[in-house]
Amino acid sequence: MALVLYLAAAAVFANVSWRHWPARVFALPEELAGYQRRLRLQAWTILGLVTVAFLVALSVSVRG
């Protein structure tokens, strides 16, 4: 389960790195607010996925 969550976080990270960030660099000034909003949402998504994956792995290791 934790591995699936880590892979999902890696997929979001890859999207940010290879699609979102280059588009943001070349965005017009009036488009930047939308890109920043989406980047912040994706950053919180990555943080949430990694946090839950860590807690799942921790609970499995403590139980086992």
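Residue numbering for the sequence shown is 17 to 80, as defined by our numbering. Positions of the beta carbon are idealized from the N, C-alpha and C atoms, including for glycine.
My assumption, with CB atoms under 8 Å, is that residue i sits in contact with residue j. Please give the rounded CB distance.
i     : j     : result
Leu23 : Val72 : So it is not a contact: roughly 13 Å between Cβ atoms.
Ala25 : Leu74 : Not really, about 16 Å apart at Cβ, beyond 8 Å.
Thr61 : Val28 : 5 Å
Verify whether the separation of the beta carbon atoms of residue i and residue j is less than 8 Å.
i     : j     : result
Gln58 : Val32 : yes
Leu63 : His36 : no
In or out: residue i buried (at least 16 other Cβ within 10 Å) or exposed?
i     : result
Ala69 : buried
Indicate the three-state DSSP secondary structure (helix, strand or coil) for residue i in the structure shown.
i     : result
Ala73 : helix
Ala25 : helix
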